[in-house]
Amino acid sequence: MILSALYIFPLIFTYRFLILITLCRRNIAYTPDLVMKIFLFFVLAIGLGLATANYNYYRLPTALRPQKYYLRILTLLENPEDLRFAGTVQIVIEVLQNTQNITLHSKNLTIDESQIRLRQISGEGKKDNCVSSTSLNPTHDFYILNTCDELVAGNVYKLSLPFAAELSRPLKGYYRSSYKNPVDNVTRWLSTTQFEPASARKAFPCFDEPGYKASFVVTLGYHKNYNALSNMPVKLTKPHETLPNYVWCEFQESVPMSTYLVAYSVNDFSNKPSTLPNGALFRTWARPNAIDQCDYAAEFGPKVLQYYEKFFGIKFPLPKIDQIAVPDFSAGAMENWGLVVYRESTLLYSASHASLNDKQYLAEVIAHELAHQWFGNLVTMKWWTDLWLNEGFATYVASLGVYDIHPEWNSKDRESLSSLLTSFRLDALVSSHPISRPIQMVSEIEENFDAISYQKGSSVLRMMHFFMGQDAFRSGLKSYLERYAYKNAEQDNLWESLTQAAHKNGALPKNYDIKTIMDSWTLQTGYPVLNVTRDYTTNTAKLGQERYLRNTQISRAFRERCWWLPLSYTTQEELEFRNTAPKAWMECSSTGESSSKTISDLPNSDKWVIFNVQLASPYKVNYDAQNWKLLIETLNSDDYQTIHVINRAQLIDDVLYFAWTGDQDYETALQVTNYLQRERELLPWKSAFNNLKQLNRILRQTPNFGFFKRYMQNLLTPIYKYLDGMNDTFSSMQDQDEILLKTMMANWACQYQVADCVPRAQAYFRRWRSEPNPDENNPVPLNIRTTVYCAGILYGTDEDWEFLWSRYKHSNVGSEKQAILSTMGCSKKVWILQRYLEKAFDPKGLIRKQDSMLSFQAVASGQVGFLLAKKYLIDNVELIHKYFYPQTKIMSRLLPAISEQVITTTDLNEFKAFVENSRQFLRSVHQAVQQSLEIMLTNVQWMERNNHQFSRAIQRHL
Numbered sequence: 009m010i011l012s013a014l015y016i017f018p019l020i021f022t023y024r025f026l027i028l029i030t031l032c033r034r035n036i037a038y039t040p041d042l043v044m045k046i047f048l049f050f051v052l053a054i055g056l057g058l059a060t061a062n063y064n065y066y067r068l069p070t071a072l073r074p075q076k077y078y079l080r081i082l083t084l085l086e087n088p089e090d091l092r093f094a095g096t097v098q099i100v101i102e103v104l105q106n107t108q109n110i111t112l113h114s115k116n117l118t119i120d121e122s123q124i125r126l127r128q129i130s131g132e133g134k135k136d137n138c139v140s141s142t143s144l145n146p147t148h149d150f151y152i153l154n155t156c157d158e159l160v161a162g163n164v165y166k167l168s169l170p171f172a173a174e175l176s177r178p179l180k181g182y183y184r185s186s187y188k189n190p191v192d193n194v195t196r197w198l199s200t201t202q203f204e205p206a207s208a209r210k211a212f213p214c215f216d217e218p219g220y221k222a223s224f225v226v227t228l229g230y231h232k233n234y235n236a237l238s239n240m241p242v243k244l245t246k247p248h249e250t251l252p253n254y255v256w257c258e259f260q261e262s263v264p265m266s267t268y269l270v271a272y273s274v275n276d277f278s279n280k281p282s283t284l285p286n287g288a289l290f291r292t293w294a295r296p297n298a299i300d301q302c303d304y305a306a307e308f309g310p311k312v313l314q315y316y317e318k319f320f321g322i323k324f325p326l327p328k329i330d331q332i333a334v335p336d337f338s339a340g341a342m343e344n345w346g347l348v349v350y351r352e353s354t355l356l357y358s359a360s361h362a363s364l365n366d367k368q369y370l371a372e373v374i375a376h377e378l379a380h381q382w383f384g385n386l387v388t389m390k391w392w393t394d395l396w397l398n399e400g401f402a403t404y405v406a407s408l409g410v411y412d413i414h415p416e417w418n419s420k421d422r423e424s425l426s427s428l429l430t431s432f433r434l435d436a437l438v439s440s441h442p443i444s445r446p447i448q449m450v451s452e453i454e455e456n457f458d459a460i461s462y463q464k465g466s467s468v469l470r471m472m473h474f475f476m477g478q479d480a481f482r483s484g485l486k487s488y489l490e491r492y493a494y495k496n497a498e499q500d501n502l503w504e505s506l507t508q509a510a511h512k513n514g515a516l517p518k519n520y521d522i523k524t525i526m527d528s529w530t531l532q533t534g535y536p537v538l539n540v541t542r543d544y545t546t547n548t549a550k551l552g553q554e555r556y557l558r559n560t561q562i563s564r565a566f567r568e569r570c571w572w573l574p575l576s577y578t579t580q581e582e583l584e585f586r587n588t589a590p591k592a593w594m595e596c597s598s599t600g601e602s603s604s605k606t607i608s609d610l611p612n613s614d615k616w617v618i619f620n621v622q623l624a625s626p627y628k629v630n631y632d633a634q635n636w637k638l639l640i641e642t643l644n645s646d647d648y649q650t651i652h653v654i655n656r657a658q659l660i661d662d663v664l665y666f667a668w669t670g671d672q673d674y675e676t677a678l679q680v681t682n683y684l685q686r687e688r689e690l691l692p693w694k695s696a697f698n699n700l701k702q703l704n705r706i707l708r709q710t711p712n713f714g715f716f717k718r719y720m721q722n723l724l725t726p727i728y729k730y731l732d733g734m735n736d737t738f739s740s741m742q743d744q745d746e747i748l749l750k751t752m753m754a755n756w757a758c759q760y761q762v763a764d765c766v767p768r769a770q771a772y773f774r775r776w777r778s779e780p781n782p783d784e785n786n787p788v789p790l791n792i793r794t795t796v797y798c799a800g801i802l803y804g805t806d807e808d809w810e811f812l813w814s815r816y817k818h819s820n821v822g823s824e825k826q827a828i829l830s831t832m833g834c835s836k837k838v839w840i841l842q843r844y845l846e847k848a849f850d851p852k853g854l855i856r857k858q859d860s861m862l863s864f865q866a867v868a869s870g871q872v873g874f875l876l877a878k879k880y881l882i883d884n885v886e887l888i889h890k891y892f893y894p895q896t897k898i899m900s901r902l903l904p905a906i907s908e909q910v911i912t913t914t915d916l917n918e919f920k921a922f923v924e925n926s927r928q929f930l931r932s933v934h935q936a937v938q939q940s941l942e943i944m945l946t947n948v949q950w951m952e953r954n955n956h957q958f959s960r961a962i963q964r965h966l
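When you line the sequence shown up against our numbering, it's residues 9 to 966, in that order.
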């Protein structure tokens, strides 16, 4: 708990005196430690309950609780020079403890204090009240109203606050967005909201914490030429009292929900309704000239909503749901209850412009947001510490929903592997953090929205699903959702429901509980390596665990951690990869210490064993030399497919990680990756490329890159030819994974100039350039467009770059615009890349602020562009900070593409100096900076430890 000195010191002498009296009366020895403990107890009791003028704790006091909000807002969109809103909020407040003030949140709002009203509406001694004075705490966005008379516990009051503000330019709170109507070339303005995690306070005064659920009655005023949307259906619309051609639109009262889920928009969009038999009204909204791109979302959304009703066993609780594509949106999408907001590229789909990758990503995003309607909206975390309960669940359950509707996509395995690969990389850093992470300042909340909450959270839930089984898992979730519906919960509440279901279904021994197991995964940072050492004379294996870290300077003692590990395994004799249930458990002591475990009845010395079947749990496995030798022999034989495809991906990922840190040698690792010349499945290649791209970014800066390039050409040539190279054979492919494999392979083949890849890509680009109407007719196959565009720019002229830039300006499809932005950085011409960087951060330019990172990353990922992007960041950090202000946390996305390519101590020290000199501009991305510096350090370590060894090993495989 953090309390300011201003608050503490006036109390010290009073409380010390009271403590001494108490101690004397009870004959308890007086010690400074005991005094401090009792003192802190008193401070906590007072600080959490009642605010004083100097109240400086980061959480709201708990003396009051909102029951209902009546929110009335007039939005003015007609004058582009004066886009603003004004309104009144009436909050019905229940008093839980006597208090003389009301503390709530307000930020950047103008409040006419002469119009503030406070009256008691129920309870004993009903009488008038008023506000005598107000004060601000800008550190925590508190607006404190001191009342004329004490608010009495048990009574209910209604507080009325008028407020006004400019429609925000940053994409937070209640903000402006726009698009250009192609018919009259006039800019059309609209308003929308983005409140998560703590920006409702920028739109109206409120108790802006997730634990303060209340119902909302929203009324929007606007010009009659617009539409209005909010969380609930329209109740009535009537003319404005004084403004001609304006109307008031009142929406039905909402169910109880957190402020971050409140949403509303005033726009001139069109909608596409969907048919949901016996279900909620379902509509998909977009600007009128993009409504034809809503068909897929309007078809897929209702299907996945119905799947969740069935999966959770709970009907969607609202009478309607709208999903809307907004031109300017900082996140990918936001799950506001009943009004889900998306970027255009994550909701709109054009079959003639988007790849299969685009379509599948769009489905994942929609499924993710609609899963939140239960996990996050119906039951909400008490505080942002447990954000992962929202995001981890939505990520995992989305893969189940997409798989149910599109089983031919095989999305469940692919998304699960993606989550594992992503979280393994971040969580291998000392500077990572636990899934469930203490949040002690509102400014820390946004740092939680990362791969640990989303992808690692998803992976540990998948593990639990596997070891509990379908029936117990679903039964426990249903019980949890029903028990805490319209309320708030913590992860321990979920563990309790799941433990009861697991014991009832016999899915877990009675002496095991979910909390003990899962706390080892959610409350500590990192993940384990299971070290398997077989004894081939006794057919046993000794198992031990330790934390995996990329930083090899960290002592072994720091790695001594313990996780509860479900041990699934199979052997070369059994080949039983379908059963992911644990055959045994690796337990932790009550003090969190690990001990070794012995597994018996393993096969003879000529048969391998594989642990962690289908990568059911997020841990890595390292074997003794003989077991690796047996696995390598199978992989490099015609029997390689006897190993499950996910475990083939696992072996590649694990051995390349171990080789990175020196826990295996690169000779062993390359013997594993050699087998890829035989591989024809997507997932092992995905795992391989995830690792090989890291090596590529390092080695292309060294004299040894030629060896690596030849090795990659040897690996890629067989699969490139098998997939018929760059020929457009996509329409004849029945297997969707094969389409994705060919898409990915084209990109890598051209990168390493395999066979005719580059000439064919250039030919496609030239054909497109020769089209009389290139915006309407694009002969480049959809699934390889980014590869072709990149090759066209990399090997092309200035005119080629300008041609692609024109296509960006004329495009009406979000996913296509993003594809173009991501490839325009492929150039190796310094002046082009420098100009592109300047366009990316031009406040008046054509690249929307939400997409500027895409342009920067595109430049920084290139060999020439990396040096330019790094210099641009160092030289222009103040300009970039100003460009994004106040949403400067987005600057964290600038860093990965830079950090992954720093490989020398000199460059690392240069970046450290930059960080030190730019602290004022990087303050909001402290976590990302620390992670970037650690990645750079591990790259330097790799160069010092592995560069020569790797070079020698790879030459033996050419």
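Every residue gets a Cβ at the ideal spot worked out from N, C-alpha and C, and that includes glycine. As the structure is a prediction and not an experimental result, all values here were calculated from the model.
Notebook entry, point to check: Could you give the distance in angstroms between the alpha-carbon of Trp417 and the alpha-carbon of His248?
Noted result: 51 Å
Next item on the list: Locate the beta strand (DSSP E) running through Arg351, then write down its first and last residues.
Entry: Arg351 -> beta strand (DSSP E) spans 347-351.
Check: So, is His956 buried or exposed, given that buried needs 16 or more other C-beta atoms within 10 angstroms?
Finding: His956 should be labelled exposed.
Note to self: For Ser940 and Asp366, what's the separation of their Cα atoms in angstroms?
What the structure shows: The straight-line gap from Cα to Cα measures roughly 29 Å.
Note to self: If contact is defined by three or more beta carbon pairs under 8 Å, each pair taking one atom from either stretch, is the region 412-430 in contact with the region 381-398?
What the structure shows: no
Check: For the beta strand (DSSP E) that contains Gly95, what are its first and last residues?
Finding: Here the beta strand (DSSP E) through Gly95 covers 92-103.
Check: Does the Cβ-Cβ distance between Ser819 and Ile828 come in under 8 Å?
Finding: yes
Note to self: Comparing C-alpha positions only, which one of Ile443, Gln448, Tyr627, Phe929 sits nearest to Ile882?
What the structure shows: Phe929
Next item on the list: List the endpoints of the continuous alpha helix (DSSP H) containing Leu664.
Entry: Per DSSP, Leu664 is one residue of the alpha helix (DSSP H) stretching across 653-669.
Checklist line | Expected contact under 8 Å - CB spacing of Lys328 and Ala306 to nearest Å | finding: Not confirmed; about 14 Å, so no contact.
Next item on the list: Quick one: using the 10 Å Cβ neighbour count with 16 as the cut-off for buried, is Asp967 buried or exposed?
Entry: Outside the displayed span of the chain (9 to 966) sits residue 967, for which this structure offers no information.
Check: Name the DSSP beta bridge partners of Ala236, please?
Finding: For Ala236, which the question treats as bridged, DSSP gives the partners Val274.
Notebook entry, point to check: What's the C-alpha gap between Val872 and Arg960?
Noted result: Distance between the alpha carbons of Val872 and Arg960 is about 27 Å.
Notebook entry, point to check: What first and last residue would you give for the alpha helix (DSSP H) that runs through Arg80?
Noted result: No alpha helix (DSSP H) contains Arg80, which is instead part of the beta strand (DSSP E) from 72-84.
Checklist line | Beta-carbon gap between Ala94 and Leu112 smaller than 8 Å | finding: No, Cβ-Cβ distance for Ala94 and Leu112 is not below 8 Å.
Margin query: What does DSSP give as the partner residue(s) for Arg125 in the beta ladder?
Written below: Ser168
Notebook entry, point to check: Using the C-alpha atoms, what's the distance from Asp609 back to Gln580?
Noted result: 13 Å
Check: How many angstroms separate the CA atom of Leu289 from the CA atom of Thr283?
Finding: 8 Å
Next item on the list: List the residues that DSSP assigns as beta-bridge partners of Asn145.
Entry: Residue pairing by DSSP places Asn145 opposite Phe150 in a beta bridge.
Next item on the list: Return helix, strand or coil for Arg295, following the three-state DSSP convention.
Entry: Here Arg295 carries a coil assignment [DSSP, helix/strand/coil].
Item checked: Short Cβ contact (8 Å threshold) for Gly853 with Ser353 -> no
Checklist line | Distance between His361 and Ile562 (C-alpha atoms, nearest Å) | finding: 49 Å
Next item on the list: Compare the Cα-Cα distances from Gly229 to each of Asp216, Arg209, Thr250 and report the closest residue.
Entry: Thr250
Check: If you count every other CB in all the chains shown that lies within 10 Å of the CB of Asp216, and 16 or more means buried, which is it?
Finding: buried
Margin query: For the region 129-143 against the region 180-193, do three or more pairs of beta-carbon atoms, one drawn from each stretch, fall closer than 8 Å, so that the two count as touching?
Written below: no
Margin query: Can you tell me where the beta strand (DSSP E) holding Pro241 begins and where it ends?
Written below: Segment: none, Pro241 is in no beta strand (DSSP E) and carries neither H nor E.
Next item on the list: Tell me whether Lys729 sits in a helix, a strand or coil according to DSSP, three-state version.
Entry: helix
Next item on the list: Give the secondary structure of Asp808 by DSSP, where H, G and I count as helix, E and B as strand, and everything else as coil.
Entry: helix
Check: Which term fits Ala696, buried or exposed, when burial requires 16 or more other beta carbons within 10 angstroms of its beta carbon?
Finding: buried
Next item on the list: Could you pull out every residue in the same chain whose Cβ sits closer than 6 Å to the Cβ of Asn655, ignoring the five residues on either side in sequence?
Entry: Annotation for Asn655: Ile618 place their beta carbon closer than 6 Å to its own, counting only its chain and skipping 5 residues before and after.
Next item on the list: Tell me Val334's beta-bridge partners as DSSP assigns them.
Entry: Residue pairing by DSSP puts Val334 in a beta bridge opposite Arg351.
Checklist line | Phe308 versus Asn344 - alpha carbon distance | finding: 18 Å
Notebook entry, point to check: Would a C-beta distance cut-off of 8 Å place Ala206 and Ile460 closer than the cut-off?
Noted result: Against a cut-off of 8 Å, the Cβ pair of Ile460 and Ala206 comes out as no contact.
Notebook entry, point to check: In chain order, which alpha helix (DSSP H) runs of at least 4 residues are fully inside the region 765-829?
Noted result: For the region 765-829, whole alpha helix (DSSP H) runs of length 4 or above, ordered along the chain, are 765-777, 793-802, 806-818.
Notebook entry, point to check: Any idea if Thr650 is buried or exposed, counting beta-carbon neighbours within 10 angstroms, 16 or more meaning buried?
Noted result: exposed
Next item on the list: Thinking Ala161 and Asn116 are a contact (beta carbons under 8 Å), I'd like their distance in whole angstroms, please.
Entry: That pair is no contact at about 33 Å.
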